[in-house]
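In our numbering, the protein residues as written are 7 to 276. Everything on this sheet refers to the single structure shown next.
Here you go:
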């Protein structure tokens with residue numbers, strides 16, 4: 007796997023002659039941040055050796071390289087999920103590749119279901135921690151010492167420095183933000199009312215089907231992480247309604263401008 011990671015990173019670097027400082031993973035309905043990037047190169051996933059292909063509606067499947075907020079960035083416009091049938095190692099493969107391309111920080115976004123009764127649909131939540139409830143882990147198997155230690159510490163999975171900066175940016179731009187814990191489940195079903203209650207009892211504020219594996223892999227390699235969720239539906243008793251993937255996309259797209267501003271300014275200041 008390590009040799010494959012290096013081969014893929016080398017191919018992208020040689021093809022583009024572009025070395026990024028920052029990695030970005032854009033979730034469901036949140037691809038509009040790409041409009042803020044001064045794009046220099048666009049690589050469809052099917053043209054990148056060893057790369058998986060995104061199969062989810064709302065994930066276009068392109069690697070974008072350019073500048074954002076004065077920083078050289080590589081952005082995944084479409085991510086990979088465990089529920090698509092990929093192994094955890096494949097899900098986090100792009101994060102590994104971005105590390106060998108040169109990124110020093112990782113910014114992640116997602117759409118999630120809120121279980122905190124104080125949350126509303128359309129809220130933006132800065133992730134302060136996560137709970138891995140996938141029943142799988144991207145670091146299972148022989149450990150590649152070059153990537154990181156066998157038992158990486160996860161007490162600071164999400165950078166306190168980046169969180170504090172994001173809160174300052176939100177305050178100065180009058181953007182309402184929540185803070186909380188994200189719990190990762192496999193999906194692809196949305197949660198039952200009993201599962202929503204379980205998620206809340208376990209100590210989470212939102213639930214989703216991504217982000218946790220990528221952050222684990224990034225922290226394994228020593229990359230500081232920042233993650234932000236848009237609350238696209240509610241799993242709160244009395245407020246649970248039937249939700250489709252299209253509903254999730256629509257809410258994410260409406261809330262996207264606030265997320266985009268936060269991410270752009272945070273990247274510029276970090």
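Ideal Cβ placement from N, Cα and C applies to all residues, glycine included. None of these values were measured; they are calculated from a predicted model.
Closest to residue i by C-alpha separation, out of the options, would be which residue?
i           : options           : result
residue 28  : 9, 41, 76         : 76
residue 193 : 104, 217, 41      : 217
residue 197 : 131, 239, 187, 37 : 239
residue 104 : 257, 24, 254      : 24
residue 187 : 148, 164, 257     : 164
residue 275 : 53, 246, 168      : 168
residue 110 : 80, 20, 246       : 80
residue 123 : 249, 245, 147     : 245
residue 259 : 144, 15, 270, 235 : 235
residue 179 : 201, 185, 20, 270 : 270
residue 231 : 166, 200, 210     : 166
residue 247 : 209, 207, 199, 52 : 199
Between the beta-carbon of residue i and the beta-carbon of residue j, is there less than 8 Å?
i           : j           : result
residue 229 : residue 112 : yes
residue 181 : residue 264 : yes
residue 190 : residue 215 : yes
residue 233 : residue 102 : no
residue 31  : residue 174 : no
residue 13  : residue 55  : yes
residue 86  : residue 96  : yes
residue 34  : residue 131 : no
residue 127 : residue 237 : yes
residue 278 : residue 10  : Nothing about residue 278 can be reported from this structure: the residues present for the chain run from 7 to 276 only.
residue 45  : residue 72  : yes
residue 176 : residue 268 : yes
residue 70  : residue 98  : no
residue 227 : residue 154 : yes
residue 266 : residue 37  : no
residue 160 : residue 203 : no
residue 172 : residue 74  : no
residue 88  : residue 125 : no
residue 158 : residue 94  : no
residue 106 : residue 15  : yes
residue 184 : residue 135 : no
Return the first residue and the last residue of the alpha helix (DSSP H) that residue i is part of.
i           : result
residue 15  : 8-22
residue 263 : 251-275
residue 121 : That residue, residue 121, is in no alpha helix (DSSP H); it is neither H nor E in DSSP.
residue 175 : 166-178
Could you name the residues that DSSP lists as bridge partners for residue i?
i           : result
residue 200 : Beta-bridge pairing links residue 200 to no other residue.
residue 79  : 28, 72
residue 187 : 135
residue 49  : 69
residue 112 : 29, 231
residue 117 : 236
residue 149 : DSSP, once it has assigned bridges, lists no residue as partnering residue 149.
Around the Cβ of residue i, are there at least 16 other Cβ atoms within 10 angstroms (buried) or fewer (exposed)?
i           : result
residue 252 : exposed
residue 120 : buried
residue 68  : buried
residue 261 : buried
residue 117 : buried
residue 8   : exposed
residue 151 : exposed
residue 26  : buried
residue 115 : buried
residue 156 : exposed
residue 65  : For residue 65, the predicted model reports a pLDDT of 49, less than 50, meaning its position is unreliable; a value from the coordinates is still stated below. Buried is the call here.
residue 205 : buried
residue 243 : exposed
residue 254 : buried
residue 257 : buried
residue 133 : buried
residue 207 : exposed
Tell me where the beta strand (DSSP E) around residue i begins and ends.
i           : result
residue 136 : 130-138
residue 236 : 231-240
residue 210 : Premise fails: residue 210 is in no beta strand (DSSP E) and is neither H nor E.
Is the closest heavy atom of the ligand MG to the C-beta of residue i under 7 Å?
i           : result
residue 186 : Inclusion of the ligand MG in the displayed structure is not the case, the ligand content being empty and no account of it being possible.
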